[in-house]
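Accompanying notes for the structure given below.
Residue numbers (the numbering used here): 28 to 136.
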């Protein structure tokens, strides 16, 4: 069973850098995955539009937890990375209008 550190290492190549959203330039600087009892949280540090942010994105569907089982299939790793990328971009676009989104991110500067 991979540890949270090993899962971070699996996901990082797919999530670090620019997630390529046409509406904003986001550079993901770091990623940390914290395993919880029946979920996990991905903590991103990023630069976007001149600001530095820390954003905590919880796992969504239960299927994503399969990334902690044995040696996860590369397609599963990519699927989880894509799901996290989508939630990160949703956070960016809703952080100023949705209370729940606003609570998951903190501006560092």
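Where is the CB? At the ideal position from N, CA and C, for every residue including glycine.
{"Asked": "Cβ neighbour criterion (16 or more within 10 Å) applied to residue 51", "Found": "exposed"}
{"Asked": "Beta-carbon proximity check, residue 108 vs residue 38, cutoff 9 Å", "Found": "yes"}
{"Asked": "Distance CB(residue 35)-CB(residue 58) smaller than 9 Å", "Found": "yes"}
{"Asked": "Exposed unless 16 or more other CB atoms sit within 10 angstroms - verdict on residue 86", "Found": "buried"}
{"Asked": "Residue 42 vs residue 69 beta-carbon contact at 9 Å", "Found": "yes"}
{"Asked": "Residue 101 in three-state terms, based on DSSP", "Found": "helix"}
{"Asked": "Sub-9 Å separation of residue 80 and residue 133 beta-carbons", "Found": "yes"}
{"Asked": "Proximity below 9 Å, CB of residue 115 to CB of residue 94", "Found": "no"}
{"Asked": "Residue 29 in three-state terms, based on DSSP", "Found": "coil"}
{"Asked": "Span separating the alpha-carbon of residue 96 from that of residue 120", "Found": "32 Å"}
{"Asked": "Nearest neighbour of residue 78, chosen from 61, 53, 102, 88 [CA to CA]", "Found": "53"}
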